[in-house]
Amino acid sequence: MTRYVFVTGGVTSSLGKGIIAASLAKLLQARGLQVTIQKFDPYINVDPGTLNPYEHGECYVTDDGAETDLDLGHYERFLNRPTSQANNVTTGRIYQTVINKEREGAFLGKTVQVIPHITDEIKRRITLLEKESAYDIIITEIGGTVGDIESLPYLEAIRQFRRDVGKERCLVIHLTLIPYLKAAKELKTKPTQHSVKELLQAGIQPDILVCRTEHPLPNEIREKLALFCNVDERSVIEAMDADTIYDVPLLMLKEKLDKTVLKKFNLKIAGEPDLGQWKDFLGKLKNPTHEVKIYLVGKYHELRDAYKSIYESFVHAGAVNECNVTVIPIHSETIDAENVQQRLKDADGILVAPGFGERGIEGKLVAIRHARENKIPFFGICLGMQCAVVEYAQNVLGWKDAASTEVNPSSPHPVIDFMEDQKNQHIKGGTMRLGSYKCKLAKGSLAFKIYGKTEINERHRHRYEFNNTYLKDFQDNGLITSGINPESNLVEIIEIKDHPFFIGVQFHPELKSTVENPQPVFTHFVKAALTYHQK
Ligand code: GLN
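Going by the numbering used here, 606 is the number at position 497 of the sequence shown; the sequence numbering is gapless.
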């Protein structure tokens, strides 16, 4: 009998619902329960694939090729379990499904309305994950903030769902902010009271309040919140700002969030959750014995979330190497041949980031040349790998006009080109090469050394590819194509000779790094940076 936890947010956005949901899930999983998390986003885009990284942060891609919200990355990093298309639903997708059904005539002449048709579709989606696997608990995070117009159908669906399956199987956790007024030296509960009132108006009494706060919640504040928001006092959970998101499961454990949930569901509480591996990781993370600086050359740095999974992969890889990895964001547009030495002067490693479009390409090429010629560890991801191929063509093969057709459609040497099946593709949403693909590694290569096997699976999200017309020219001139897609023969990994660590990957390894399974290209890159640093 599956139980359902809904996580809503109040007062402001960006309170970290995803982290709280993932932390609760981690604790329950560590108690031996089967748990999964899904996110419902109230915007009209069918998926986040078409959203600007400046506005919405990274687009996270699942094995089955769904372009999803970056919170799914947290779910995977915390739970060490892959998510899928079904774990992220938007209002756009809900409406698309309902409208398609209407066009098919499935509603038999009925007037199609938000209630019941949209809410029915939301309710159907709540339980969809149960078809994939049996779960004890499904956590559903509702994006946005209670009080937004677009959240209303979701709240109504939760109200109905709770009524349908019974209160004993449903819980609502409301994540809220308790602001601190410096002048008055006081924590304030009023915004939370109002936010809970909004929920009540939608027919939902929250069961648990998780309170984001910069200061510990004194008992009288807990009592006040409990009284005014009609929850029991033990259900007021303090969520203090943490040094790292990976501390949050332990903070929630201390506040007994997991026990409170289990109790409300009348589930057995036996002993404590097994967090041994998690604590080992935290121990290493917090006590590094080394230090390296990695420059992240990209162009979406205005919003740190645009490279979320890359930053998190470095946290995991740093812990493995007991090394504090300082990732320094650098705008590729600010790098040129004159200043590169200066701009990247103390780099122990250079990562050229994924991205789209021609802006900032020159700086990326300059940074890659700098890493290649000065034997600084280099790691190129997706566009970063494509740029490494272009740089090699321009400066080693001597084709000064070589380019990716994304940047120069009329280049005489289109070393990175549109895939055949992309040429007539005019629809933008969901049409890239997406999701997990097999890749065969060449024995004796750096890639083989990193992964320790000849067959891997990694996730993709791109339209352009290494152009195999030039494969021989590259190979004859020292470029190693060490990873090949066995079905399409596409080049997925490139390396070069006589360099301590130079690797470009067409896929996105950052999407598969978790606390329990740090991604090997990242861990080896950090190790190489450390060796470079020590020299
Ligand atoms: N813009 C490139 C492509 O579409 C690279 C995409 C990426 O870095 N994710 O192929």
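By construction, the Cβ of each residue, glycine as well, lies at the ideal position given by its N, Cα and C atoms.
As assigned by DSSP and simplified to three states, the class of residue i
i    : result
T228 : helix
T159 : helix
C338 : helix
A428 : helix
G561 : coil
P300 : helix
V475 : helix
P570 : For the record, residue 570 in the displayed sequence is Arg; it is not Pro. R570: strand per DSSP, three-state reduction.
S647 : Any answer about residue 647 is impossible in this case: the structure gives the chain only from 110 up to 644.
Q503 : helix
G289 : The residue asked about is misnamed: residue 289 is Tyr in this sequence, not Gly. In this structure, Y289 counts as strand in the three-state DSSP scheme.
M349 : strand
C496 : helix
Y184 : helix
K388 : helix
Y169 : strand
N197 : strand
H642 : helix
S513 : strand
N433 : strand
P191 : coil
E213 : helix
I403 : strand
K219 : coil
H633 : helix
K549 : strand
V357 : helix
D245 : coil
Rounded C-alpha distance that separates residue i from residue j
i    : j    : result
G648 : G253 : Any question about residue 648 goes unanswered here, given that the chain covers just 110 to 644.
N396 : C432 : 8 Å
A428 : K210 : 49 Å
E176 : E567 : 15 Å
A637 : L137 : 37 Å
Y263 : H165 : 21 Å
T111 : L460 : 43 Å
H278 : R468 : Reading off the sequence shown, one finds Arg at residue 278, where the question assumed His. Roughly 51 Å separates the two Cα atoms.
K368 : Y404 : 42 Å
F610 : K532 : 34 Å
A348 : K509 : 56 Å
P300 : L360 : 23 Å
I313 : A415 : 34 Å
N448 : V475 : 10 Å
A351 : V357 : 7 Å
P288 : G125 : 15 Å
N161 : A462 : 16 Å
Contact under 8 Å by Cβ, residue i with residue j
i    : j    : result
L362 : D245 : no
K408 : L179 : no
V498 : G458 : no
T249 : F465 : no
D316 : I267 : no
V345 : L371 : no
H617 : H569 : yes
D526 : T514 : yes
E259 : T220 : no
V635 : Y579 : no
L326 : L296 : yes
I650 : I203 : Given that the chain is displayed from residue 110 to residue 644, the structure contains no residue 650 and the question cannot be resolved.
F187 : V624 : yes
N577 : K547 : no
I485 : A456 : yes
V614 : F575 : no
D172 : S545 : yes
M555 : E604 : The sequence as given places Leu at residue 555; Met does not occur at that position. Cβ atoms of L555 and E604: closer than 8 Å.
F488 : V630 : yes
K232 : Q269 : yes
P191 : H425 : no
E619 : S304 : no
I251 : T117 : yes
Cβ-Cβ separation, residue j to residue i (assumed contact under 8 Å), whole Å
i    : j    : result
D257 : P151 : 7 Å
Y163 : G182 : Going by Cβ atoms, the distance from Y163 to G182 rounds to 18 Å, so no, they are not a contact pair.
E442 : I477 : Not confirmed; about 15 Å, so no contact.
G321 : L284 : The residue you asked about is not Gly; residue 321 is Arg in the sequence shown. Their Cβ separation, rounded to whole angstroms, is 7 Å, which keeps R321 and L284 in contact under 8 Å.
V255 : E307 : 5 Å
L394 : Y420 : Their Cβ separation, rounded to whole angstroms, is 13 Å, which puts L394 and Y420 out of contact at 8 Å.
H410 : P382 : About 37 Å separates the two Cβ atoms, so there is no contact after all.
K135 : N196 : Actually they are not in contact, since the Cβ atoms of K135 and N196 sit about 16 Å apart, beyond 8 Å.
L280 : K373 : 6 Å
Interface flag, residue i vs chain B, CB-CB below 8 Å
i    : result
A266 : The structure shown has no chain B; it contains just one protein chain.
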